[in-house]
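Protein chains in written order, with this note's numbering: chain A, 1 to 354; chain B, 1001 to 1325.
Heads up, the beta-carbon is just placed ideally off N, CA and C, and yes, glycines get one too.
Have a look at the structure below, then the notes.
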């Protein structure tokens, strides 16, 4: 019996060894055909669509974990992923310190949404100052004279305003508070601009979906979400007054108008914020989402695979992005970015992108 | 095993001796295994404490004990304080326990003493089913079903009853401290109930029957015999529930409103240590921000430990007072 058992053990060991060998030889081969990225949640829908289409064509798999912009920056700095993604751009100094290269991948808009009985989507007009004062907790009723002044046609109720913000740190919050910082000196002084801030008023929802749920639940609520969430949840969006003094609606066109004015060529390290841009049709709370890669790559093959994916996405990803209510990067910016790749990304001293 | 009969062959004898030897070998191995597993628990707990301590040294250094009393939570100026999170954790747990403990006792008594066996079985398994529901389900139900009900019916009523008291002020949003406390109560209720029920079932029938034989009413038997007999176990069950409530994350995050403010009104949004961690950990890139979050974890660890300690002491006291060994 013992002998028999020994035999079985021996057999199992051989099988196990064979499996180990097989795994050992297969894994490295697989590694080259998988790209790992992590970061921002805002572009996740479009990245995952691109990844799906790209894998069908090339067989290269993209494994993107949408853990948040802060998480993406942490992961790329810890070198556990091939690229990081962030909605908030990093300053040139921070990039240089870490040896990272940053480039914009996609653009989108942040939209104020409200839940006031009797107010239809796209009918509430808000000026920048009013929006800031609502979020500062200074305007607390919907029938406040300053709101009524811009909304002569609407009958606004005598109702408390419940401010809804993100509870988690978020690139969306970064873009939104960047806008408020630009348009309100009081906001800049008291609160400031970050992925999470000390909110003077209101309640916090987790994620875009959390904010959307709270706004839909609470009568008299106002919140801010990515455009796609406002559309998908059929929420009541407000019109915002832009820098030119015009009230505009959030649409792909108004995001593009904001993006068109951006001077990417003179933005060091592609540090570009698209909030409060000039132009009659520009949506004031527009933002870009960024990709982070190392300038000095360890593995030329992986580096090439990553850049190939983004180049393909720039070239072929436009229609998918528009369908999902994002704004693709304009062609001149893409050319600039690719020139930067060629110039700055090296693997063992060799140029990766030619 | 000790006696080897004459009818056994030599082979069998030898085998038995080998068995004995095996036993001799195996006993110490088993002993060391148990010691090792027991030790592992200590090492794990100590390791977690150590990790939390080293992870939070930045924030411990910068804020000192002010961290415990400061209400500020400002990622922009990097000024953090845990007061609102600690307050929210304690208050939401307190609300939960105030609701859940009496209800659990009543349900358990009903199941054991009053309900017909058929109903007792059905309700009993329903309670165990409730205990198995994942917390995220409670959270989603709380947000989408219970919070609107609170906003439309319960909170306006409480606001009317509460009058000038500060506890029920502010717009009835449906989410906030009170809703979080009630959801927590619903979550711990099945735990406390099912353990308490088992404790009541263990009360010897003789003891109860003697009391009935002396002419006691059902109420008297329950109050003076069943509950005192099981008091240790009941307190244990309560602390089991408290342990779950104090660290509950997802369900609370959904309905508490996530605001770093202390408010007297139970209607207003608040936060707890666990919900703050769930919300902010992924995006905390700055070292001091991360360190402050880890210190929150350390505080929760110490808080749980202190509560356990209090529970032990209380148990000892009740043991003496009730005279039940």
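Start and end residues, beta strand (DSSP E) containing residue i
i, result
"residue 64/A", "61 to 65"
"residue 34/A", "34 to 39"
"residue 83/A", "83 to 86"
"residue 287/A", "286 to 294"
"residue 107/A", "100 to 115"
For residue i, the first and last residue of its enclosing alpha helix (DSSP H)
i, result
"residue 1120/B", "1117 to 1131"
"residue 166/A", "Careful: residue 166/A lies outside any alpha helix (DSSP H), inside the beta strand (DSSP E) at 162 to 166."
"residue 223/A", "Taken as a continuous stretch (DSSP letters only), residue 223/A belongs to no alpha helix (DSSP H), being part of the beta strand (DSSP E) at 221 to 226."
"residue 1083/B", "1083 to 1109"
"residue 1179/B", "1177 to 1202"
"residue 1151/B", "Unbroken run through residue 1151/B: none, as it is neither H nor E."
"residue 1208/B", "1205 to 1213"
"residue 45/A", "44 to 58"
"residue 199/A", "That residue, residue 199/A, is in no alpha helix (DSSP H); it is neither H nor E in DSSP."
"residue 1137/B", "1135 to 1141"
Interface flag, residue i vs chain B, CB-CB below 8 Å
i, result
"residue 2/A", "Confidence at residue 2/A is low in this model, with a pLDDT of 49, below 50, so its placement is unreliable and no value can be given for it."
"residue 236/A", "no"
"residue 199/A", "yes"
"residue 57/A", "no"
"residue 143/A", "no"
"residue 214/A", "yes"
"residue 71/A", "yes"
"residue 134/A", "no"
"residue 194/A", "yes"
"residue 335/A", "no"
"residue 206/A", "yes"
"residue 139/A", "no"
"residue 258/A", "no"
"residue 217/A", "yes"
Contact set for residue i: own chain, Cβ-Cβ below 7 Å, skip 5 residues either direction
i, result
"residue 42/A", "87, 108, 171, 172, 226 and 289"
"residue 123/A", "154"
"residue 30/A", "Confidence at residue 30/A is low in this model, with a pLDDT of 44, below 50, so the placement of that residue should be treated as unreliable; the coordinate-derived value is given next. Cβ neighbours of residue 30/A beyond the five flanking positions: none."
8 Å Cβ cutoff, residue i in contact with chain A
i, result
"residue 1057/B", "no"
"residue 1156/B", "no"
"residue 1260/B", "yes"
"residue 1171/B", "yes"
"residue 1076/B", "yes"
"residue 1174/B", "yes"
"residue 1180/B", "no"
"residue 1287/B", "no"
"residue 1073/B", "yes"
"residue 1283/B", "yes"
"residue 1279/B", "yes"
"residue 1296/B", "no"
"residue 1143/B", "yes"
"residue 1226/B", "no"
"residue 1089/B", "no"
"residue 1247/B", "no"
"residue 1257/B", "yes"
Contacts around residue i, its chain only, beta-carbon distance under 8 Å, and the 5 residues preceding and following it disregarded
i, result
"residue 44/A", "64 and 66"
"residue 1222/B", "1109 and 1113"
"residue 1211/B", "1220, 1221, 1224 and 1225"
"residue 216/A", "115, 233 and 235"
Cβ neighbours of residue i in the same chain (closer than 6 Å, five flanking residues each side left out)
i, result
"residue 1075/B", "1289"
"residue 22/A", "Caution is warranted here: a pLDDT of 48 is assigned to residue 22/A, below 50, making its placement in the model unreliable, and the coordinate value is therefore given only provisionally. Excluding positions up to five away in sequence, the list is empty."
"residue 1291/B", "1056, 1058 and 1059"
"residue 73/A", "84 and 86"
Would the region 276 to 292 of chain A count as touching the region 167 to 185 of chain A if we require 3 or more Cβ pairs under 8 Å?
yes
Would you call the region 1261 to 1274 of chain B in contact with the region 1047 to 1054 of chain B, where contact means no fewer than 3 C-beta pairs closer than 8 Å?
no
Three-pair Cβ contact test at 8 Å for the region 1102 to 1114 of chain B versus the region 229 to 236 of chain A
no
Whole alpha helix (DSSP H) elements within the region 1004 to 1081 of chain B, 4-residue minimum:
1010 to 1055, 1057 to 1063 and 1066 to 1069
Segment contact, 8 Å Cβ cut-off, at least three pairs: the region 203 to 222 of chain A with the region 96 to 114 of chain A:
yes
Three or more C-beta pairs below 8 Å linking the region 1239 to 1252 of chain B and the region 1179 to 1187 of chain B
yes
Fully enclosed by the region 133 to 192 of chain A, which alpha helix (DSSP H) runs are 4 residues long or longer?
145 to 150, 171 to 183 and 185 to 190
Do the region 326 to 346 of chain A and the region 257 to 276 of chain A meet, that is, are 3 or more Cβ pairs less than 8 Å apart?
yes
What are the complete beta strand (DSSP E) segments, minimum 3 residues, inside the region 1223 to 1310 of chain B?
none
Unbroken beta strand (DSSP E) runs of length 3 or more, entirely within the region 205 to 274 of chain A: which are they?
221 to 226 and 239 to 241
Please go through the region 299 to 337 of chain A and give each complete alpha helix (DSSP H) segment of 4 or more residues, from N-terminal end onward.
300 to 316 and 318 to 323
At least 3 beta-carbon pairs within less than 8 Å: the region 1124 to 1133 of chain B vs the region 1189 to 1209 of chain B:
yes
Touching or not, the region 294 to 312 of chain A and the region 192 to 205 of chain A, by the rule of three or more beta carbon pairs under 8 Å?
no
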